[in-house]
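Residue numbers (this note's numbering): 3 to 411.
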Amino acid sequence: MSGTYNSPVLYYKPQGSEDSQHNLDCSDFCIIIMNDIQRYAVMKFAQKFVCIDGTHGTNPYNFELTTLMVSDDFGEGIAVAYMISNRMDTTTYKIFFNCIKTALGKNITTDTFMSDITETFYNGWTAVMGPVPNRLFCSWHIDRAWRTNLGKISSLEKRKEVYKCLKFIQSTLKVDIFNRRFVEFLTQLENDSDTVKFYEYLTKNYSSNTKSWAYCYRKELLINTNMYLESMHRIIKYEYLEGKKVKRLDKSIHNLMRYTRDKQVERLIKITKGKRTDRLTAINSSHKVATNSKFDIESVEGSDEFKKWTIKNTTNTKTYTVTEKTINVCCMLSCQLCKICYHSYSCTCLDYFIKSNICQHIHYLCITQVTNEVPSTSTNSDIREELEYSFSIYVHIKNRGILQNYRTY
3 MSGTYNSPVL YYKPQGSEDS QHNLDCSDFC IIIMNDIQRY AVMKFAQKFV
53 CIDGTHGTNP YNFELTTLMV SDDFGEGIAV AYMISNRMDT TTYKIFFNCI
103 KTALGKNITT DTFMSDITET FYNGWTAVMG PVPNRLFCSW HIDRAWRTNL
153 GKISSLEKRK EVYKCLKFIQ STLKVDIFNR RFVEFLTQLE NDSDTVKFYE
203 YLTKNYSSNT KSWAYCYRKE LLINTNMYLE SMHRIIKYEY LEGKKVKRLD
253 KSIHNLMRYT RDKQVERLIK ITKGKRTDRL TAINSSHKVA TNSKFDIESV
303 EGSDEFKKWT IKNTTNTKTY TVTEKTINVC CMLSCQLCKI CYHSYSCTCL
353 DYFIKSNICQ HIHYLCITQV TNEVPSTSTN SDIREELEYS FSIYVHIKNR
403 GILQNYRTY
């Protein structure tokens, strides 16, 4: 059955009834939830990045909670739709995505799709929404899979060394160097009888899809979802579900909607009162480090419009390249002292490319070499639009008596 306007339930199929249209039988259960503010968030933020993941162990019925997420203008994750179902296959994921597509009235066109290392999520997405330029595996899932399969190696010391080497290769930022290191690493694993089983696992599952997990292929995508998924899973399971399986499914859904409401209110506070986020804290920390650092700016090159600097660390031989990208401050991930945002400059260091932070090299350049006096592109109109829309939704919910369903017991 379809959800009506302002109903967060987009689809509901209980056990004991069939849905031949969607190929669900009597034993299948499925409910899909997305409220109006979540719809607004999808429309506003999904163009750059979407992430989907499943959470087990939130109820005793063997149902899985599937969550679709986007990244907001603070670089933080927003859960924009949920599905609870006993089936975890492409069929149910196609239902999930089709319901979202119908609710929005159009396809979601995104630059990057991130999920676990299986193909079920991605196959369902492409069948409904179309292909995506960047298909990435979540680093959190990859790391967990690698740690689990390191048990194929008998020696504990070799496990530690293999894991350390693998993470080092994964974080290599130059494609040619990554390819060379990965081939050499696989050869070493193959030639050692204790690591040959792990070699077979790594070759089978990761040698043909390096573009989905190597950091050199996700540079400047502004994606670091480890914190998104781990934080959301931990909060839902331990704060809203009290660290245990909730016996009543309606209680689980109620707690899930409480979490959604609280995160939406938290966002409104951030955009109105300037609440400090983890990403802004990291930016400010990098600025403080830069003020106590010493780098040599060895050369300045580039076009007349945008400049490029080569910055060398005085304590070692590492050299980084900082490139000017835009003269405007265009997002909320900004440094007020340097008068720049994340998109103002790029750097070849790991902190910028993978952690999506304004690194100490960019801060140092702005402190010592650059005077940023250009006006920023204001986001006040966007903020005002979001506040007015959110307020109108809450007023409508209150007037219809729906707010009672969101109250804490």
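Beta carbons are placed, not taken as given, at the ideal position from N, Cα and C, and that holds for glycine.
Where residue i falls: helix, strand or coil (DSSP)
i: K327; result: coil
i: M90; result: coil
i: L67; result: strand
i: T279; result: coil
i: G485; result: Absent from the model: residue 485. The displayed extent of the chain is 3 to 411, so no value can be given.
i: N286; result: helix
i: V372; result: coil
i: I35; result: strand
i: N257; result: helix
i: K50; result: coil
i: C337; result: strand
i: W148; result: helix
i: F308; result: coil
i: E159; result: helix
i: D298; result: strand
i: G153; result: helix
i: L251; result: helix
i: D27; result: coil
i: I273; result: helix
i: N193; result: coil
i: Y344; result: coil
i: A43; result: helix
i: D75; result: coil
i: I356; result: coil
i: T316; result: coil
i: L175; result: coil
i: T350; result: coil
Residue i CB to nearest heavy atom of the ligand NAD below 7 Å
i: S358; result: Ligands are entirely absent from the displayed structure, and the ligand NAD is therefore not among its contents.
Straight-line Cα distance separating residue j from residue i
i: E300; j: T312; result: 6 Å
i: R205; j: P16; result: Note that residue 205 is Thr in the sequence shown, not Arg. One C-alpha to the other measures close to 42 Å.
i: D280; j: E268; result: 13 Å
i: Q190; j: Q172; result: 16 Å
i: F308; j: D38; result: 41 Å
i: C414; j: Y219; result: The question about residue 414 has no answer, for the chain in this structure spans 3 to 411.
i: I102; j: I179; result: 41 Å
i: L258; j: V198; result: 44 Å
i: K108; j: M45; result: 10 Å
i: N207; j: D118; result: 12 Å
i: R182; j: L282; result: 36 Å
i: Q49; j: Y165; result: 34 Å
i: V302; j: D91; result: 53 Å
i: F51; j: R263; result: 22 Å
i: L335; j: T120; result: 32 Å
i: H365; j: S210; result: 38 Å
i: E163; j: I34; result: 44 Å
i: K314; j: F47; result: 36 Å
i: V372; j: L67; result: 49 Å
i: S380; j: C368; result: For S380, the pLDDT reaches just 46, beneath the cut-off of 50, and the residue's location in the model is therefore unreliable, although a value from the coordinates is still provided. Approximately 21 Å between the Cα atoms of the pair.
i: M71; j: N193; result: 42 Å
i: Y124; j: S195; result: 36 Å
i: S65; j: T57; result: Here residue 65 is Phe; the residue named in the question, Ser, does not match the sequence. Their backbone Cα atoms lie some 9 Å apart in a straight line.
i: D30; j: Y217; result: 39 Å
i: D74; j: Y261; result: 17 Å
i: I285; j: T350; result: 16 Å
i: C167; j: E78; result: 30 Å
i: I255; j: T274; result: 29 Å
i: T112; j: T293; result: 38 Å
i: F170; j: W215; result: 13 Å
i: S348; j: I360; result: 8 Å
i: L158; j: T212; result: 26 Å
Expected contact under 8 Å - CB spacing of residue i and residue j to nearest Å
i: E20; j: L12; result: Contact flag wrong, Cβ pair sits at about 19 Å.
i: S288; j: Q362; result: 5 Å
i: D298; j: T316; result: 6 Å
i: L175; j: R161; result: 26 Å between Cβ atoms; not a contact.
i: T28; j: S87; result: It should be noted that the sequence gives Cys, not Thr, for residue 28. Between S87 and C28 the Cβ distance is about 14 Å, and since that is not below 8 Å, they are no contact.
Neighbour flag for residue i against chain B, beta carbons, 8 Å
i: E121; result: Among the chains of the structure shown, chain B does not appear; only one protein chain is present.
Any chance the region 126 to 136 sits against the region 86 to 106, with 3 or more Cβ pairs inside 8 Å?
-> Yes, since at least three Cβ pairs between the region 126 to 136 and the region 86 to 106 fall closer than 8 Å, the two stretches touch.
What runs of the beta strand (DSSP E), each 3 residues or longer, lie entirely inside the region 91 to 140?
-> Listed in chain order, they are 114 to 117, 136 to 139.
May I ask you to verify whether the region 78 to 93 touches the region 135 to 148, counting CB pairs closer than 8 Å and requiring at least 3?
-> Verdict: no, contact absent.
Segment contact flag, the region 325 to 344 with the region 144 to 159, C-beta cutoff 8 Å, min 3 pairs | Short answer: they don't touch.
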